[in-house]
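Participant: Going by this note's numbering, the sequence shown opens with residue 738, and the numbers climb by one from there. For every residue, glycine included, the Cβ atom is placed at its ideal position computed from N, Cα and C. My structure is below; once you've seen it, I'll send some questions.
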Amino acid sequence: MKAVAVMFPSREVRVLDVPEPRLHSPTQVKVRTLEVGVCGTDQEILKGQHGAAPKGEDHLILGHECLGEVMEVGAHVQGLRPGDLVVPRVRRPCPHAHCPACNHGHPDFCVTGDYTERGIQGAHGFCSEHFVEDAAYLHKAEDSLRGVAVLTEPLTIAEKGLREVAHIQSRLPWKVNPGKALVLGAGPVAQLGAMALMRAGFDVTVYSRSPKPNEKAAASEAVGAPYISSKEVTVEALKKQLGGVGIIYEATGASKVAFDSLQVLEENGVLIFTGVPGREEPLELQGDQVLGQLVLGNRVMFGTVNASDSDFREALEDLARFRAKWPGRLEALITQRHPPSEFAKVVEAKGGIKHVISFQEHAR
């Protein structure tokens, strides 16, 4: 079968002929890949910033944002049958008995760093015609989500972030009602995060670089989240305009913007970091000022990565809610679908919001 892989050590992308996967356990499921999302992590893998092939192999099959269709199920699999749509989780637990996170079913909080991630770290991904996965790592998607379920994995970042915010804000001795929220960035993780925040009742503003008009600004404003360009409005001016926000959801990986935004965060507020810096960026930080803002204002900053099974379930439910609330807006986030042969070109593509590799269209 065909698979899109990155070669080691050259980091060259190739379409390979690889053996057809087969079931080796009664709990496994064979899946036909329909779509794979391409994201910044894939670009970082090709640049050598992340990524490792499975042990003893010279290539890594790419792709960690996936929608597939069940082809075959093992004898012990329940709740899935051929024809069902499924979305796989990405991270697998580390092998260490002393890791409390992995031992409690939360490899997204792994303390050893020895986890594997399909399509990223030590395990082949989903950018192949077929793949095999244990049923425990597959989430059934409703047929009505066929056109948008490839967005599940990037949405799980927001789901986990909001779940953690709820835990953090439970420290306060009163019920915290949703207020104003600021989303930094306007890519897929940011757009989906804005939708999740709005679904939770927040009044959301999106703050990103490019001046309007642009495709990302149009997408956020189409769901009711005003878009402000950082090239036109400074953080200081933004603070005056918004008057302070209770939550900042960072989805840029730009450290300067992330830390500068702290001045917009109101007392008892929470700043969520989701972006991984993809480049070296000099940062002048007034440490005393930052420390004072955190301590004197009871503010919290935290980072979040990956997601748990509950976050995937919530993401699939939210996709259905989003489609009902904003018809056509999820579909509009997918800029274009491409054949697998264009993966390398898509990774370097400029413009658009979410580019997707389609095995379904390629097979026609």
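With 7 Å as the threshold, decide whether the Cβ of threonine 778 is near any Cβ in chain D.
Facilitator: Although the question refers to chain D, the structure presented lacks it and comprises just one protein chain.
Participant: Rounded C-beta distance between isoleucine 1090 and alanine 956? I'm assuming under 8 Å.
Facilitator: Confirmed, about 6 Å.
Participant: In whole angstroms, give me the CA-to-CA distance for glutamine 906 and valine 913.
Facilitator: Each residue's alpha carbon lies about 7 Å from the other.
Participant: Would you mind working out which of Phe1080, Val1084 and Gln1097 sits nearest valine 752, comparing C-alpha positions?
Facilitator: Nearest option by C-alpha distance: Phe1080.
Participant: Thinking C-beta only, is valine 1093 closer than 7 Å to arginine 1066?
Facilitator: Not a contact, by the Cβ cut-off of 7 Å.
Participant: Would you tell me roughly how many angstroms separate the C-alpha atoms of valine 1007 and valine 902, rounded to the nearest one?
Facilitator: Rounded to whole angstroms, valine 1007 to valine 902 spans 7 Å at the Cα level.
Participant: Under 7 Å between the Cβ atoms of alanine 988 and alanine 927?
Facilitator: A contact, by the Cβ cut-off of 7 Å.
Participant: Select from Glu969, Gly1034, Ala933 and Val743 the residue whose C-alpha is nearest the C-alpha of valine 1001.
Facilitator: Out of Glu969, Gly1034, Ala933 and Val743, Gly1034 has the C-alpha closest to the C-alpha of valine 1001.
Participant: Per DSSP, which one or two residues make a beta bridge with glutamine 1000?
Facilitator: Partner(s): none; glutamine 1000 has no beta bridge.
Participant: Spatial neighbours of proline 891 within its chain, please: CB distance less than 6 Å, with the 5 preceding and 5 following residues excluded, ordered by chain position.
Facilitator: Contacts found: Pro925, Val926 and Leu929.
Participant: Whose C-beta lies closer than 6 Å to the C-beta of glutamate 958 among residues of the same chain, with five residues either side of it excluded?
Facilitator: Contacts found: Tyr964.
Participant: Roughly how many angstroms separate the alpha carbons of alanine 1044 and glutamate 1004, rounded to a whole number?
Facilitator: Rounded to whole angstroms, alanine 1044 to glutamate 1004 spans 28 Å at the Cα level.
Participant: Which runs of the alpha helix (DSSP H) at least 4 residues long sit entirely within the segment 966-1050? Give them in chain order.
Facilitator: Correct list: 972-979, 992-997 and 1024-1033.
Participant: Please list the terminal residues of the continuous beta strand (DSSP E) segment that includes lysine 739.
Facilitator: Here the beta strand (DSSP E) through lysine 739 covers 739-744.
Participant: Candidates Gly961, Gly922, Tyr944 and Pro950: which alpha carbon is nearest methionine 1139's?
Facilitator: The structure shown does not extend to residue 1139, since the chain is modelled only from 738 through 1101, so no value can be given for it.
Participant: Would you please state the rounded distance, in angstroms, between the beta carbons of aspartate 940 and alanine 954? I believe it to be under 8 Å.
Facilitator: Rounded, the Cβ-Cβ distance is 18 Å, inconsistent with contact.
Participant: Hey, out of Pro832, Pro819 and Arg855, whose CA is closest to alanine 742's CA?
Facilitator: The residue with the shortest Cα to Cα distance from alanine 742 is Arg855.
Participant: Buried or exposed for glutamate 973, please, with buried defined as at least 16 other CB atoms from any protein chain shown within 10 angstroms of its CB.
Facilitator: Classification for glutamate 973: exposed.
Participant: Could you please give me the residues that DSSP links to histidine 867 through a beta bridge?
Facilitator: The partner list for histidine 867 (beta bridge, DSSP) reads Arg769.
Participant: Please give me, in chain order, every unbroken run of the alpha helix (DSSP H) with length at least 4 that falls completely inside the segment 870-909.
Facilitator: List check, alpha helix (DSSP H) in window: 889-906.
Participant: Between aspartate 1048 and the rest of its own chain, which residues show a CB-CB distance below 6 Å, the 5 nearest in sequence each way excluded?
Facilitator: Thr893, Glu896 and Lys897, listed in sequence order.
Participant: Going by Cα to Cα distance, which pick from Ala873, Pro1076 and Phe996 is closest to leucine 1031?
Facilitator: Leucine 1031 has its Cα closest to that of Phe996, out of Ala873, Pro1076 and Phe996.
Participant: Which whole-angstrom value describes the C-beta separation of phenylalanine 863 and aspartate 795, a residue pair presumed to lie in contact below a C-beta threshold of 8 Å?
Facilitator: 19 Å between Cβ atoms; not a contact.
Participant: Look at the alpha carbon of arginine 1101 and the alpha carbon of arginine 1036, and state the distance between them as a whole number of angstroms.
Facilitator: Note that arginine 1101 scores a pLDDT of 41, beneath 50, so its modelled location is shaky; the value from the coordinates is reported in the next line. Whole-angstrom Cα-Cα distance: 53 Å.
Participant: Sort Ser947, Ala1086, Phe846 and Pro763 by Cα distance to valine 869 and report the nearest one.
Facilitator: Among Ser947, Ala1086, Phe846 and Pro763, the Cα nearest to that of valine 869 belongs to Pro763.
Participant: Should histidine 904 go down as buried or exposed, given a rule of 16 or more other Cβ atoms within 10 Å for buried?
Facilitator: By the neighbour-count rule (16 or more Cβ atoms within 10 Å), histidine 904 is not buried but exposed.
Participant: Which of the three DSSP states, helix, strand or coil, is assigned to glycine 930?
Facilitator: The answer is helix: DSSP assigns glycine 930 an H, G or I state.
Participant: Rounded to the nearest angstrom, how far is the Cβ of serine 865 from that of threonine 778, given a contact under 8 Å?
Facilitator: Not really, about 18 Å apart at Cβ, beyond 8 Å.
Participant: Please return the same chain residues whose Cβ sits closer than 7 Å to the Cβ of leucine 975, not counting the five positions on each side in sequence.
Facilitator: Hits under 7 Å: Tyr944, Ile965 and Val1001.
Participant: Where does alanine 1086 fall in DSSP's three states?
Facilitator: The answer is coil: DSSP assigns alanine 1086 none of H, G, I, E or B.
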